[in-house]
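Participant:
Shown next, in the form of structure tokens:
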């Protein structure tokens, strides 16, 4: 594989894509519990979510380079634009092309959800850019985690369930699940910012790890996982036999192990923790979907 091809794949940040997939999968599980799972709109939601996240990742790479926030030899994953492997112009073009294609795919969901979904899709597209661009980039002003909770948790879970059921009947399950998924997604960003705090501080990029410090954000990481576990239990405990809660307890234990790693490692040593946090979130969404689907039978 050529160096440029590797740079483009790295720019997609494949390790983080389970974050966007998890929300859609969990939303599908909520719909399945109400006997409304529909493969086609579910698949469209999945494609839209993944493409929108990759577009957001591309935008982050371009605008962080443009604003002088990335430096060669940084602690995190290699940045193709900063290292000269990808031209800024090519990255910007890829960002808008992929975002436009994602929106075109997402527009087909109006068949199941109605015309108002265009506004929801537009908001997601704006977020994909506003995370790194505009007069107040969310990721540069301590708002990244809040945005992730909304756009990788609440929005994908509830809307994926909605377009399959064509109603809000799933909210008693979907709402607590969506917040839980959002908190798990925020933890992926916390690991990223925890790792990059020194680099970000040097360029005045005010992430939560820079504003509050690694110590505080390490505690937030731990608390997020505990709250997420409690929310999952609340959403499911009356809807399935108690034995199924073993999945939530397993998540909590693995989350604790990752938290220990987070607080004892530094720099590039945290790269595996980032990927493992994302994969744990994805695994929990799969367990949840399986549990809800089986117990709906």
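Residue numbers (this note's numbering): 32 to 328.
Here a beta-carbon is modelled for each residue, glycine too, at the ideal position from N, C-alpha and C.
Source: prediction; values computed, not measured.
Would you be able to state if there are at least three C-beta pairs under 8 angstroms between the segment 189-204 and the segment 212-222?
Facilitator: Segments in contact, no.
Participant: Please confirm whether residue 339 and residue 304 have their CB atoms less than 7 angstroms apart.
Facilitator: This structure gives no information on residue 339, because the portion of the chain shown stretches from 32 to 328.
Participant: Quick one: residues in its chain with C-beta nearer than 6 angstroms to the C-beta of residue 87, no 5 flanking neighbours on either side, listed in chain order?
Facilitator: For the purposes of this step, residue 87 is taken as residue 56 along the chain shown, with counting starting at 1. Excluding positions up to five away in sequence, the list reads 159 and 162.
Participant: Where does the unbroken alpha helix (DSSP H) through residue 65 begin, and where does it stop?
Facilitator: Here the question's residue 65 lines up with position 34 in the chain shown. Looking at the DSSP string, residue 65 is not in any alpha helix (DSSP H), and its letter there is neither H nor E.
Participant: Would you kindly work out how many angstroms separate the C-alpha atoms of residue 182 and residue 206, rounded to a whole number?
Facilitator: In the chain shown, the residue the question calls residue 182 occupies position 151. In the chain shown, the residue the question calls residue 206 occupies position 175. C-alpha separation (whole angstroms): 13 angstroms.
Participant: Would the segment 303-321 count as touching the segment 47-56 if we require 3 or more Cβ pairs under 8 angstroms?
Facilitator: Contact between the segment 303-321 and the segment 47-56 is present, because at least three Cβ pairs lie under 8 angstroms.
Participant: Determine the DSSP secondary structure at residue 236, reduced to helix, strand or coil.
Facilitator: Stepping through the chain shown from its first residue, residue 236 is reached at position 205. Here residue 236 sits in coil by DSSP.
Participant: Please go through the same chain and pick out, in chain order, the residues whose beta-carbon is closer than 7 angstroms to the beta-carbon of residue 124, but skip the five residues on each side of it.
Facilitator: Within the chain shown, residue 124 is the residue found at index 93, counting from 1. Excluding sequence neighbours, residue 124 sits near nothing in its chain.
Participant: Considering only residues of the same chain and omitting the five flanking positions on each side of residue 276, which have a CB-CB separation below 7 angstroms?
Facilitator: Looking up residue 276 in the chain shown gives position 245. The answer, listed in chain order, is 264 and 268.
Participant: How many Å lie between residue 144 and residue 98 at the Cα?
Facilitator: Residue mapping note: residue 144 aligns to position 113 of the chain shown, counting from 1. Residue mapping note: residue 98 aligns to position 67 of the chain shown, counting from 1. When rounded, the distance between both Cα atoms is 39 angstroms.
Participant: Among the residues of its own chain, which have a CB less than 6 angstroms from the CB of residue 234, if the five just before and after it don't count?
Facilitator: Counting from 1 along the chain shown, the entry for residue 234 is found at position 203. Hits under 6 angstroms: 100.
Participant: What's the gap between the Cα of residue 91 and the Cα of residue 85?
Facilitator: In the chain shown, the residue the question calls residue 91 occupies position 60. In the chain shown, the residue the question calls residue 85 occupies position 54. In a straight line, the C-alpha of residue 91 is about 10 angstroms away from that of residue 85.
Participant: State buried or exposed for residue 118, treating a residue as buried only when at least 16 other CB atoms are found within 10 Å of its CB.
Facilitator: Within the chain shown, residue 118 is the residue found at index 87, counting from 1. Label assigned to residue 118: exposed.
Participant: Following the continuous alpha helix (DSSP H) through residue 275, name the residue where it begins and the one where it ends.
Facilitator: By 1-based counting over the chain shown, the position of residue 275 is 244. No alpha helix (DSSP H) contains residue 275, which DSSP labels as neither H nor E.
Participant: Please determine, among 279, 134 and 325, the residue with the shortest C-alpha to C-alpha distance to residue 157.
Facilitator: Reading the chain shown from its first residue, position 126 is the one you call residue 157. Checking every option, the nearest Cα to that of residue 157 belongs to 134.
Participant: Closest to residue 37 by CA distance: which of 318, 323, 114 and 164 is it?
Facilitator: As a first step, residue 37 is located in the chain shown; it is residue number 6 there, counting from the start. Closest option to residue 37, Cα to Cα, is 114.
Participant: I believe residue 89 touches residue 129 by the beta-carbon criterion, under 8 angstroms. Please report the beta-carbon distance rounded to the nearest angstrom.
Facilitator: If you number the chain shown from 1, residue 89 lands on position 58. If you number the chain shown from 1, residue 129 lands on position 98. Rounded, the Cβ-Cβ distance is 7 angstroms, consistent with contact.
Participant: Going by DSSP, name the residue or residues bridged to residue 172.
Facilitator: On the chain shown, position 141 is the one that residue 172 refers to. Per DSSP, 237.
Participant: Grouping DSSP H, G and I as helix and E and B as strand, with all else coil, what is residue 83?
Facilitator: Within the chain shown, residue 83 is the residue found at index 52, counting from 1. Helix, per DSSP.
Participant: Is the separation between the beta-carbon of residue 63 and that of residue 324 shorter than 7 angstroms?
Facilitator: Mapped onto the chain shown, residue 63 falls at position 32. Mapped onto the chain shown, residue 324 falls at position 293. Yes, these two residues count as a Cβ contact at 7 angstroms.
Participant: Under the assumption that residue 176 contacts residue 239 (Cβ atoms under 8 angstroms), give the Cβ distance between them as a whole number of angstroms.
Facilitator: On the chain shown, residue 176 is found 145 positions in, with the first residue counted as 1. On the chain shown, residue 239 is found 208 positions in, with the first residue counted as 1. Confirmed, Cβ separation roughly 6 angstroms.
Participant: To the nearest angstrom, how far is it from the Cα of residue 284 to the Cα of residue 257?
Facilitator: Within the chain shown, numbered from 1, the residue matching residue 284 stands at position 253. Within the chain shown, numbered from 1, the residue matching residue 257 stands at position 226. The alpha-carbon atoms of residue 284 and residue 257 are separated by roughly 10 angstroms.
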